[in-house]
Amino acid sequence: VGKGGCLVEAALACPSALCLGADTNPDQLAACAANLHHAALRQVGLLQADAARLPFASGSVDAMVVDLPFGKRHARPKGLEAEVLAEARRVLRPGSGRIVLMTTGKASVHKAVAEDCGWQPVSRTEVVLGGLKVWLHLIRRASNP
């Protein structure tokens, strides 16, 4: 969730949706809560959780946006993409659930998706955030993993 920029945008774009944000860092969650309060968003909840171990029932989530750690200040553990995709495959609705992964690792996400038959790549877009090239990977949950 970081400071909640993506979460705020999602809540503004989909006002009828319940949006949930998760982060392992309580300081990031506090900063996000302040930003949500400032934006007067009420349909948003926050929880302290890891994207690789979410407290949701299997097949209960419609969509996810995961902003993986990137840049020089944030180390990314080896295999994180595969762990996050495995958990997303569990919680997303089969056939219609989708995830957007934001990362500087184009090849690592491509490899993780290729190794997990539970996914159908939809698109990949390059953007620049804070001077860094970042890839947005849109991936749909397959009907039968």
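Be aware that the sequence shown starts at 1000, since it is given in our numbering, and climbs by one per residue. Virtual Cβ for every residue (Gly too), placed ideally from N, Cα, C. Predicted model only: the values in this text are computed from it and were never measured.
Task: Terminal residues of the alpha helix (DSSP H) in which Gln1042 lies - done: One-based indexing of the sequence shown puts residue 1042 at position 43. From DSSP, Gln1042 is part of no alpha helix (DSSP H); its letter is neither H nor E.
TODO: Measuring alpha carbon to alpha carbon, tell me which of Thr1102, Gly1117, Leu1137 ends up nearest Leu1131.
DONE: Your numbering for residue 1131 matches position 132 in the sequence shown. Closest option to Leu1131, Cα to Cα, is Thr1102.
Task: 8 Å CB neighbourhood of Val1065 in its chain, flanking five on each side removed - done: To locate residue 1065, count along the sequence shown from 1; it is residue 66. For Val1065, where only same-chain residues beyond five positions count, the Cβ hits under 8 Å are Ala1050, Val1083, Ala1087, Ile1098, Val1099, Leu1100, Met1101.
Open item on the list: Taking only three categories from DSSP, how would you classify Arg1092?
Closed with: Residue 1092 sits at position 93 when you count from the first residue of the sequence shown. Coil.
Task: Cα-Cα separation, Arg1037 to Leu1019 - done: In the sequence shown, the residue the question calls residue 1037 occupies position 38. In the sequence shown, the residue the question calls residue 1019 occupies position 20. This sequence places His at residue 1037; Arg is not what is there. Looking at the two C-alpha atoms, the distance is approximately 17 Å.
Open item on the list: For a minimum of 4 consecutive residues, which ranges assigned as the alpha helix (DSSP H) are wholly contained in the stretch 1084-1133?
Closed with: 1105-1114
Task: Residues bridged to Asp1018 [DSSP beta-bridge criterion] - done: Within the sequence shown, numbered from 1, the residue matching residue 1018 stands at position 19. Before going on, a small fix: residue 1018 reads as Cys here, not Asp. According to DSSP, which records beta bridges pairwise, Cys1018 is partnered with Val1043.
Task: Short Cβ contact (9 Å threshold) for Gly1096 with Gly1058 - done: Taking the sequence shown and counting its residues from 1, the one referred to as residue 1096 is at position 97. Taking the sequence shown and counting its residues from 1, the one referred to as residue 1058 is at position 59. Against a cut-off of 9 Å, the Cβ pair of Gly1058 and Gly1096 comes out as a contact.
Open item on the list: Using only the alpha-carbon positions, how far apart do Leu1035 and Pro1093 sit?
Closed with: One-based indexing of the sequence shown puts residue 1035 at position 36. One-based indexing of the sequence shown puts residue 1093 at position 94. Taking the straight line joining both Cα atoms gives about 30 Å.
Open item on the list: Quick check: what's the CA-CA separation for Pro1209 versus Gln1042?
Closed with: Past the boundaries of the shown model lies residue 1209; the chain is included only from 1000 to 1144, so the question cannot be answered.
TODO: Just tell me which of Leu1028, Glu1080, Leu1046 has its CA closest to the CA of Val1112.
DONE: As a first step, residue 1112 is located in the sequence shown; it is residue number 113 there, counting from the start. Cα-wise, what sits closest to Val1112 is Glu1080.
Open item on the list: Could you pull the DSSP bridge partners for Asp1026 from this structure?
Closed with: Taking the sequence shown and counting its residues from 1, the one referred to as residue 1026 is at position 27. The bridge partners DSSP lists for Asp1026 come to none.
Open item on the list: Can you check which of these residues, Glu1114, Ser1107, Gly1117, Ala1141, is closest to Leu1135 by C-alpha distance?
Closed with: Along the sequence shown, read from residue 1 onward, the residue named residue 1135 stands at position 136. Considering only alpha carbons, the answer is Ser1107.
Open item on the list: Tell me the rounded alpha-carbon separation between Asp1061 and Val1127.
Closed with: By 1-based counting over the sequence shown, the position of residue 1061 is 62. By 1-based counting over the sequence shown, the position of residue 1127 is 128. Asp1061 and Val1127: Cα-Cα distance of roughly 27 Å.
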